[in-house]
Structure formats: structure tokens, C-alpha cells
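Numbering (my numbering), first residue to last: 165 to 256.
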């Protein structure tokens, strides 16, 4: 598992410990964590949740009247510093 996956898994585990249902997904450039946020989340719990997602590279909250509230966090994967950065057609 890439380092981004390890960091995302740690974020998901901490959110789960706070009682949130989480899911982790690998993408080509990042690993994402999503968590359903209940309406009755206390102010203290919100502070703890924000402390957790602050470890991600980006995070936000999607709130709709149809689907409730979904918290998301993204941990970027490291970009290679040498080698196959541009793909096979860009190698020298």
C-alpha cells in the first residue's frame, strides 16, 4: 500500500473510532476517505473530526438535502522525482 493509502487508512480509522462510517478509495493520484456525518454530531465531536481531517492534503464537506452530509479527505500520492515522470514516450 502506498504511503497515501497508509495515511488515509489512519484517518479512516480515527474517524471510525469517533463513530463515523468511512470508506477509503485508491485513485491514480490520491487516496480518498469519505465519511457519513450524522445530524446529531456534537460540537466536541466536530472539533475532533476536524483535527483528524486536518492531516489530509485537502478536505471538505458535501451537504445536500437528499444525501445528508459527507465529509471527504484526500491524501496525495507522491510524484516520482526521477525516471518515468512523463510516461514511456518522454523517456530519454
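The C-beta atom is built at its ideal place from N, Cα and C for all residues, glycine as well. Since we're looking at a predicted model, the values are computed, not measured.
*Between the Cα of residue 219 and those of 230, 239, 211, spot the shortest distance and give me the residue it belongs to.*
Looking from the CA of residue 219, the closest CA among 230, 239, 211 belongs to 239.
*Excluding the five sequence neighbours on either side, which residues of its own chain have a C-beta within less than 6 Å of the C-beta of residue 223, listed in chain order?*
Result list for residue 223: 217, 237, in chain order.
*Have a look at the DSSP bridge pairing and note the partners of residue 224.*
According to DSSP, residue 224 bridges with 236.
*Give me the Cα-Cα distance between residue 192 and residue 209, rounded to the nearest whole angstrom.*
Cα to Cα, residue 192 sits roughly 32 Å from residue 209.
_Boundaries of the alpha helix (DSSP H) in which residue 208 is found, first to last residue_ = 207 to 217 is the extent of the alpha helix (DSSP H) around residue 208.
_DSSP-derived helix/strand/coil call for residue 180_ = Per DSSP, reduced to three states, the secondary structure at residue 180 is helical.
_In this structure, how does DSSP classify residue 204 when only helix, strand and coil are distinguished?_
DSSP places residue 204 in coil when its eight states are reduced to three.
*Spatial distance of residue 172 from residue 189 (CA atoms)*: Cα to Cα, the separation comes out at about 9 Å.
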